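In the order they appear, the protein sequences are chains A and B. Using full-length UniProt numbering, read the first sequence as starting at 1 and increasing by one per residue. Using full-length UniProt numbering, read the second sequence as starting at 1 and increasing by one per residue. All C-beta atoms, glycine included, are put in the ideal place defined by N, C-alpha and C. All of these numbers come straight from a predicted model, not from anything done at the bench. So the structure is just underneath, and the comments pick up after that.
2 protein chains.
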Amino acid sequence: MAIARQTILYDGPGGPFEGVAAWEDAVEGTRPCVLVLPNVLGQKEADNLKADALAALGYVALVADVFGQGKRTTLQSDDRSRYMDELNADRPLLRDRLAASLAALKALPQADPEKAAAIGFCFGGKCVLDMARAGLGILGGVSFHGVYDPPSYPSVVPIAAKLLICHGWDDPISPPEATVALANELTQSGADWQLHAYGHAGHAFTDSGRAGPGDIAYEPRADRRSWRAMTDFLERLFA
Amino acid sequence: MAIARQTILYDGPGGPFEGVAAWEDAVEGTRPCVLVLPNVLGQKEADNLKADALAALGYVALVADVFGQGKRTTLQSDDRSRYMDELNADRPLLRDRLAASLAALKALPQADPEKAAAIGFCFGGKCVLDMARAGLGILGGVSFHGVYDPPSYPSVVPIAAKLLICHGWDDPISPPEATVALANELTQSGADWQLHAYGHAGHAFTDSGRAGPGDIAYEPRADRRSWRAMTDFLERLFA
């Protein structure tokens with residue numbers, strides 16, 4: 001058993017884009033596929049490791065690039081949110097880049113394009129929600145400490161993708177009123193949704209590089225519980 | 001393999017009380033124990049079946065009686081909430097009856113008294129929360145479509161019991177503001193808590209006898225998901 005990784009170049013509006021695919025090389029044939037949507041910094045090794053973990057679960061994963069090849073920042077960057085800010089200001093463009101990323105995932109030779117899902121972290125959680133709102137072709141999605149403001153365009157109704165929202169209750173970026181608003185939005189859109197909220201967890205609770213204390217920090221219990229919930233969710237989604 | 005059941009009589013303030021225990025008879029020795037807290041109607045066959053299901057998972061379960069022997073109502077009763085109302089008006093008495101029920105559970109010959117938990121439905125969910133708030137000796141508790149108003153007495157701080165709150169988002173008895181208030185209360189009390197909220201589910205979503213439509217009705221997806229979450233929760237709690 002060995003996890004294979006490959007850099008994937010793909011096109012789309014504002015591209016080229018550069019993602020990273022991972023799959024279990026000992027498995028032959030196609031398998032369900034999962035798009036991994038990074039946080040504000042864009043594709044990085046932490047996302048590649050999530051893709052590896054999904055590969056170990058039996059999926060083929062693609063870490064998406066919605067910013068563009070070479071467009072990355074770090075926590076130390078002066079303007080680390082610059083690429084995200086551009087897309088937050090143009091949600092239709094974000095949608096179209098998500099569609100391009102999903103197409104790249106489904107085009108992987110290991111992928112069963114009929115069985116696709118998406119997971120995402122922070123801004124990537126918003127990306128998951130936007131994929132569902134836009135009616136892109138995923139069976140389901142999992143948002144980890146996402147951001148919940150709806151896009152400028154109307155949502156498809158009903159939302160077809162099943163959604164699992166993993167949420168740190170102390171998240172200062174997505175406080176209770178935003179979380180309640182998301183729940184109401186998803187209800188009105190007819191989505192099959194679940195919210196898992198974790199006490200004493202904030203934003204970025206899956207990010208082992210963000211030491212606490214504070215409300216934007218790694219929280220190992222919420223990290224473990226949410227990954228387990230995702231594992232169950234995907235297993236049932238693709239069954 | 002066979003599930004055994006036994007009627008258990010026990011004492012306490014306002015007793016005697018009559019509960020029903022269930023365990024797997026083919027298993028020898030003690031095992032973790034779970035108190036099952038019924039809804040407004042009190043102990044009934046639907047609760048006994050939950051105890052059977054817990055027995056099949058490897059636990060010994062006791063369906064608690066907090067109303068008193070023979071004090072039961074049905075959905076058809078004119079005054080079906082009469083026994084619950086008395087206890088909602090006297091939360092210290094409810095607490096003491098919960099303590100008596102927990103003692104009866106731990107006294108079962110099949111029970112490992114060091115490994116106890118509680119689950120409850122509707123009013124029984126409130127009972128679970130009150131056990132945690134009162135510092136009764138459970139490692140954890142699971143509330144299914146519970147009721148969230150805090151008791152008249154102050155909570156222990158920190159709450160030691162881990163808590164899983166399984167919640168139907170459309171619950172008219174526990175609307176979003178009550179749910180947010182509970183989350184904030186449990187955070188302030190220092191509890192290790194999780195909330196699993198399910199879209200398009202209301203109150204009583206586990207109650208297969210309550211046909212929908214409506215916001216107080218059985219909802220099979222939320223029923224399945226919450227039971228699965230409980231199963232995981234208890235497994236880890238007792239590991």
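Could you check where the beta strand (DSSP E) with D112 (chain A) kicks off and where it finishes? A111 to F121
Are any of the Cβ atoms in chain B nearer than 7 Å to that of V128 (chain A)? no
Tell me which residues share the same chain as L108 (chain A) and place their Cβ nearer than 8 Å to its Cβ, disregarding the 5 neighbours each side in the sequence. I8, A21, W23, C33, V60 and L62
Grab me the residues of G12 (chain A)'s own chain with a C-beta within less than 6 Å of its C-beta, minus the 5 sequence neighbours each way, in chain order. R97 and A100
Within 10 angstroms of the Cβ of M84 (chain A), are there 16 or more other Cβ atoms? Answer buried if so, exposed if not. buried
Measuring CA to CA, which of A:T187, A:A56 and A:L139 is closest to D170 (chain B)? A:T187
If contact is defined by three or more beta carbon pairs under 8 Å, each pair taking one atom from either stretch, is the stretch 126-141 of chain A in contact with the stretch 41-52 of chain A? no
Closest to R80 (chain A) by C-alpha separation, out of A:R224, A:V40, A:A89 and A:D112, would be which residue? A:V40
Alpha carbon to alpha carbon, how far is L237 (chain A) from A161 (chain B)? Give it in angstroms, no decimals. 32 Å
Starting from K106 (chain B), follow its DSSP beta bridges and name the residues at the other end. None; K106 (chain B) has no bridge partner.
Listed by chain order, chain A residues near L186 (chain B) by CB distance under 8 Å: G199
Compile a chain-ordered list of the residues in the stretch 211-235 of chain A whose CB is closer than 9 Å to at least one CB of chain B. R221, A222, R225, R228, A229 and D232
Helix, strand or coil at P16 (chain A) [DSSP, three-state]: coil
Below 9 Å on C-beta distance, what does A161 (chain B) contact in chain A? Going along chain A, no residue has its Cβ under 9 Å from A161 (chain B), so there is no contact; the nearest lies around 13 Å.
DSSP three-state assignment for Q151 (chain A), whether helix, strand or coil: As written in the sequence, residue 151 (chain A) is Pro, which differs from the Gln given in the question. Reduced to three states, the DSSP call for P151 (chain A) is coil.
Compute the minimum distance between the beta carbon of G214 (chain B) and the heavy atoms of the ligand GTP, and state whether it is under 6 Å. You won't find the ligand GTP in this model; it holds no ligand whatsoever.
Going by DSSP in three states, F144 (chain A) sits in which element: helix, strand or coil? strand
Tell me, please, whether the CB atom of V180 (chain A) is closer than 7 Å to any CB atom in chain B? yes
Taking all protein chains shown into account, do 16 or more other C-beta atoms lie within 10 angstroms of the C-beta of R95 (chain B), making it buried, or fewer, making it exposed? buried
Would you mind telling me which residues of chain A sit closer than 9 Å to H196 (chain B), beta carbon to beta carbon, in chain order? Q194, L195, H196, A197 and A229
State yes or no: is the beta carbon of W169 (chain A) nearer than 7 Å to at least one beta carbon in chain B? yes
Interface residues of chain B facing A132 (chain A) [CB-CB closer than 7 Å]: Correct list: empty, because the minimum Cβ distance to chain B is about 12 Å.
Using the Cα positions of A204 (chain B) and C166 (chain A), report the straight-line distance between them to the nearest angstrom. 24 Å
Counting along the chain, where does the alpha helix (DSSP H) carrying P176 (chain B) start and finish? P176 to Q188
Comparing the C-beta of P176 (chain B) with each C-beta of chain A, is any distance below 7 Å? yes
Shortest alpha-carbon distance to residue 263 (chain B) belongs to which of B:D192, B:V180, B:G124 and B:V147? A question about residue 263 (chain B) goes unanswered here, because the residues of chain B that appear run from 1 up to 239.
Between A:G58, A:L75, A:P213 and A:D90, which has its C-alpha nearest residue 240 (chain A)'s C-alpha? Outside the shown range of chain A (1 to 239) lies residue 240 (chain A), about which nothing can therefore be said.
Near Q194 (chain B), which residues of its chain fall below 6 Å by C-beta distance, leaving aside the five closest residues on each side in sequence? L164
So if DSSP puts E24 (chain A) in a beta bridge, which residue, or which two residues, is it bridged to? A:I3
I'd like to confirm the pairing. Which residues does DSSP put opposite I138 (chain A) in its beta bridges? None, per the DSSP bridge assignment.
Any beta carbon of chain B sitting closer than 7 Å to that of A204 (chain A)? no
Can you give me the C-alpha to C-alpha distance between D212 (chain A) and G19 (chain B), rounded to a whole angstrom? The amino acid at residue 212 (chain A) is misidentified as Asp; the sequence shows Gly. Their backbone Cα atoms lie some 46 Å apart in a straight line.
From the beta carbon of G55 (chain B), is the nearest beta carbon of chain A less than 7 Å away? Position check: residue 55 (chain B) holds Ala in this sequence, whereas Gly was assumed. Taking Cβ atoms only, chain A never reaches closer than 7 Å to A55 (chain B), which makes this a no.
Cutoff 7 Å: A117 (chain A) Cβ touching any chain B Cβ: no
Could you pull the DSSP bridge partners for K162 (chain A) from this structure? A:G140
Cβ contact (3+ pairs, closer than 8 Å) linking the stretch 138-155 of chain B and the stretch 173-188 of chain B: yes
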